[in-house]
Amino acid sequence: MLASHLYSRSSVQNGASSLPPIRFGPSLLPRRPLVTFTFLHGIFRNKGGGIGFEPPISLLRPSDSPTRAAQPFFQIGDEGVLGIGSCISMCTNLSSLTLDLFFNKVGIIGASSLGSALKNCTNLQTLTLALNQNKIGDEGTLFLGSALAQCTNLSNLTLNLSRNQISAICASGLGSALAKCANLSNLALNLSKNEINGSEEFKVNSKLFKSKRLVAFKIYFQL
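Written as structure tokens, this is what we have:
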């Protein structure tokens with residue numbers, strides 16, 4: 003398993019969960035090759051209208067079909083992302099990955115470690131990565147973009163970097179990096195609520211237009 007200490011019970015009292023911290027470690031990886039993994043950090047509204055925590059549905063079972071793990075709603079930070087990254091880097095057969103890490107206090111260190119891990123996934127073809135409402139900034143964004151450019155088999159990418167203190171210059175650099183993805187044909191990129199002006203929006207679009215491999219792409223600057 004990728005995550006340990008996930009419990010089927012869930013306690014919701016005054017918006018707080020009694021669940022203990024989640025720990026991640028490479029020793030918990032499945033023995034058989036992992037092909038698809040989905041990591042969701044979920045929240046829902048209960049019948050009373052209050053905010054509750056979604057209990058875990060399943061944990062990293064090795065199979066060819068998607069596996070869904072829903073985490074209680076609390077922030078794992080850079081340390082948690084480091085643990086996830088160390089596990090992902092060992093999944094050399096991984097072809098499809100969904101990581102939802104929105105609003106998790108992920109910074110430069112977390113983004114960099116995640117990028118390093120993704121570079122090792124040489125068979126990765128489909129990636130959905132939600133890092134919105136974190137603080138990865140320019141440095142973390144550029145490192146992540148450089149890492150994705152080295153994922154030579156990546157063909158489908160959905161990347162949400164909304165609300166991450168990304169500057170106009172960095173957005174342009176990210177566009178250049180993604181344009182280098184050798185097999186990328188479908189791209190959805192969310193850069194809304196950052197520090198990007200109209201002229202830089204045009205530059206990002208122009209750089210991606212130069213990629214003859216892209217069949218379809220959507221870029222969101224304002225939402």
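In the working numbering, the protein residues as written are 3 to 225. Just so you know, even glycine gets a beta-carbon here, dropped at the ideal spot from N, CA and C. In this text, all values refer to a predicted model and were calculated from it rather than measured experimentally.
Bridge partners - residue i, DSSP secondary structure assignment
i           : result
residue 191 : 161, 221
residue 197 : 169
Beta-carbon contacts of residue i that lie in its chain and below 8 Å, excluding the five residues immediately before and after
i           : result
residue 219 : 188, 189, 190, 191, 210
residue 217 : 187, 188
Cut-off 6 Å between Cβ atoms - residues of its own chain near residue i, not counting five sequence neighbours on either side
i           : result
residue 122 : 91
residue 213 : 181
residue 164 : 134, 192, 194, 195
residue 87  : 115, 116, 119
Assigned exposure category for residue i - 16 Cβ within 10 Å defines buried
i           : result
residue 201 : exposed
residue 207 : exposed
residue 184 : exposed
residue 166 : buried
residue 143 : buried
residue 215 : exposed
residue 204 : exposed
Check: residue i C-beta below 8 Å from any heavy atom of the ligand ADP
i           : result
residue 105 : Ligands are entirely absent from the displayed structure, and the ligand ADP is therefore not among its contents.
Under the three-state DSSP convention, the category residue i falls into
i           : result
residue 130 : strand
residue 154 : coil
residue 101 : strand
residue 10  : Below a pLDDT of 50, predicted positions are generally treated as unreliable, and residue 10, at 24, falls in that range; no measurement from the model is reported.
residue 178 : helix
residue 213 : coil
Cβ separation of residue i and residue j, assumed to be a contact under 8 Å, to the nearest whole Å
i           : j           : result
residue 221 : residue 198 : That belief does not hold up - the Cβ atoms of residue 221 and residue 198 are roughly 10 Å apart, past 8 Å.
Chain-order list of residues whose beta-carbon lies under 7 Å from that of residue i (same chain, five-residue window excluded)
i           : result
residue 155 : 124, 125, 126, 127, 185
residue 224 : 194
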